[in-house]
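**Student:**
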Amino acid sequence: AQSVAQPEDQVNVAEGNPLTVKCTYSVSGNPYLFWYVQYPNRGLQFLLKYITGDNLVKGSYGFEAEFNKSQTSFHLKKPSALVSDSALYFCAVTRRGTNAGKSTFGDGTTLTVKP
Amino acid sequence: DGGITQSPKYLFRKEGQNVTLSCEQNLNHDAMYWYRQDPGQGLRLIYYSQIVNDFQKGDIAEGYSVSREKKESFPLTVTSAQKNPTAFYLCASSSSLTSGSYNEQFFGPGTRLTVL
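Now the structure itself:
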């Protein structure tokens, strides 16, 4: 079984401040981890992923995330938030291995950046 | 212009009717997925397919059916057995990795189904 927890339904930050959106996961074996963003009435867009290698991964729009195996976390970060970053963010995990086609998504975190 | 298309964007259905949602991709991806999204509940997996002519039930398959006769297409039928079908439906696809698992998913724009 695999699961993802996004402990905060809502994150509010001021424009220009750093932001963090939290994600923890549970999976048997080694994980592949993903972050997606969704704007209202749209499909999800891929932001970044951890497959293997460097624990700090950089993605689109200045976002980055750090894979921490001991804490089973994959928090999304950005040094300086923009109002346009306001959206719904999803973390997802996939088990590594043959026929591991199923991804599990968290419930999402709504990020609001205020000017 | 590559990507995933879903049609229609909005769909209205009377109770007791079956309805089919279209999903097409030209990304040459092996895997395709259907999700249901309700407010405050994130994405829930309905069905997924890793290869043509094969598919597996997700977490909430009851009342839904799918087919995968072509690599490019993965239509979802919402049957009258689905008790609460009003939701936003998202289709996605992904490529396979050498490890045997799958890469990030590309999502379509979604279909909003409303039962009248």
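These protein sequences, in sequence, are chains A and E. Numbering follows my numbering, in which position 112 of the first sequence is assigned residue number 112; successive positions increment by one, without gaps. So the mapping is simple: my numbering equals the position in the second sequence, first residue as 1, plus 115. For every residue, glycine included, the Cβ atom is placed at its ideal position computed from N, Cα and C. What you are looking at is a predicted structure, and each value in this text was computed from that prediction instead of being measured.
#1: Report the three-state DSSP secondary structure of residue 217 (chain E) (helix, strand or coil).
#2: Sort out for me which residues DSSP pairs residue 144 (chain E) with in a bridge.
#3: Keeping to the same chain, check which residues put their C-beta closer than 8 Å to that of residue 92 (chain A); ignore five residues upstream and five downstream.
#4: May I ask you to report which of helix, strand or coil DSSP gives residue 211 (chain E)?
#5: Say whether the stretch 70-86 of chain A touches the stretch 121-141 of chain E, bearing in mind that this needs 3 or more beta-carbon pairs closer than 8 Å, one atom from each stretch.
#6: When you compare each of A:69, A:18, A:17 to residue 28 (chain A) by their alpha carbons, which one comes out closest?
#7: Which class does residue 85 (chain A) belong to by DSSP, given the choice of helix, strand or coil?
#8: Does the stretch 193-203 of chain E come within contact of the stretch 141-160 of chain E, defined as at least 3 CB pairs closer than 8 Å?
#9: Since residue 103 (chain A) meets chain E, which of its residues come closer than 7 Å, beta carbon to beta carbon?
#10: Can you list the residues of chain E that residue 69 (chain A) reaches, using a CB-CB cut of under 7 Å?
#11: If you compare alpha carbons, which of E:160, E:192, E:155, E:175 is closest to residue 228 (chain E)?
#12: Express the C-alpha separation of residue 19 (chain A) and residue 116 (chain A) in angstroms, rounding to a whole number.
#13: Give, in chain order, every residue of the stretch 8-34 of chain A whose Cβ lies closer than 7 Å to some Cβ of chain E.
#14: Determine the direct distance from the alpha carbon of residue 2 (chain A) to that of residue 213 (chain E), and round the result to whole angstroms.
#15: Say the cut is 6 Å; is the CB of residue 189 (chain E) nearer than that to a heavy atom of the ligand COA?
#16: Which chain A residues sit within Cβ distance under 9 Å of residue 160 (chain E)?
**Tutor:** Taking the definition as stated:
#1: As a working note, residue 217 (chain E) is residue 102 in the second sequence. Look at residue 217 (chain E) here: in three-state DSSP terms it is strand.
#2: The residue labelled residue 144 (chain E) in the question sits at position 29 within the second sequence. The partner list for residue 144 (chain E) (beta bridge, DSSP) is empty, contrary to what the question assumes.
#3: Counting from 1 along the first sequence, the entry for residue 92 (chain A) is found at position 92. Here the set comprises 4, 33, 34, 35, 36, 103, 104, 105, 106.
#4: Taking the second sequence and counting its residues from 1, the one referred to as residue 211 (chain E) is at position 96. When DSSP states are grouped into helix, strand and coil, residue 211 (chain E) belongs to the strand group.
#5: Short answer: they don't touch.
#6: Start at 1 with the first residue of the first sequence, and residue 28 (chain A) comes out as number 28. Selected option, being the one with the closest Cα: A:69.
#7: As a working mapping, residue 85 (chain A) is identified with position 85 in the first sequence. Correct three-state label for residue 85 (chain A): helix.
#8: With the cut-off at 8 Å, the stretch 193-203 of chain E and the stretch 141-160 of chain E touch.
#9: If you number the first sequence from 1, residue 103 (chain A) lands on position 103. Taking a Cβ-Cβ threshold of 7 Å, the residues of chain E close to residue 103 (chain A) are 220, in chain order.
#10: The count along the first sequence starts at 1 and reaches residue 69 (chain A) at position 69. Within 7 Å of the CB of residue 69 (chain A), no CB atom of chain E is found; the nearest one sits about 17 Å away.
#11: By one-based count along the second sequence, residue 228 (chain E) stands at place 113. Of the candidates E:160, E:192, E:155, E:175, the one whose C-alpha sits nearest the C-alpha of residue 228 (chain E) is E:192.
#12: Chain A is shown from 1 up to 115; residue 116 (chain A) falls before or after that span and cannot be answered.
#13: Cβ contacts with chain E: 32, 34.
#14: As a position in the second sequence, residue 213 (chain E) is number 98, starting the count at 1. As a position in the first sequence, residue 2 (chain A) is number 2, starting the count at 1. One C-alpha to the other measures close to 21 Å.
#15: By its list of ligands, the structure shown contains no ligand whatsoever, and the ligand COA lies outside what it can speak to.
#16: The residue you call residue 160 (chain E) lines up with position 45 of the second sequence. Residues of chain A passing the Cβ test: 102, 103, 104, 105.
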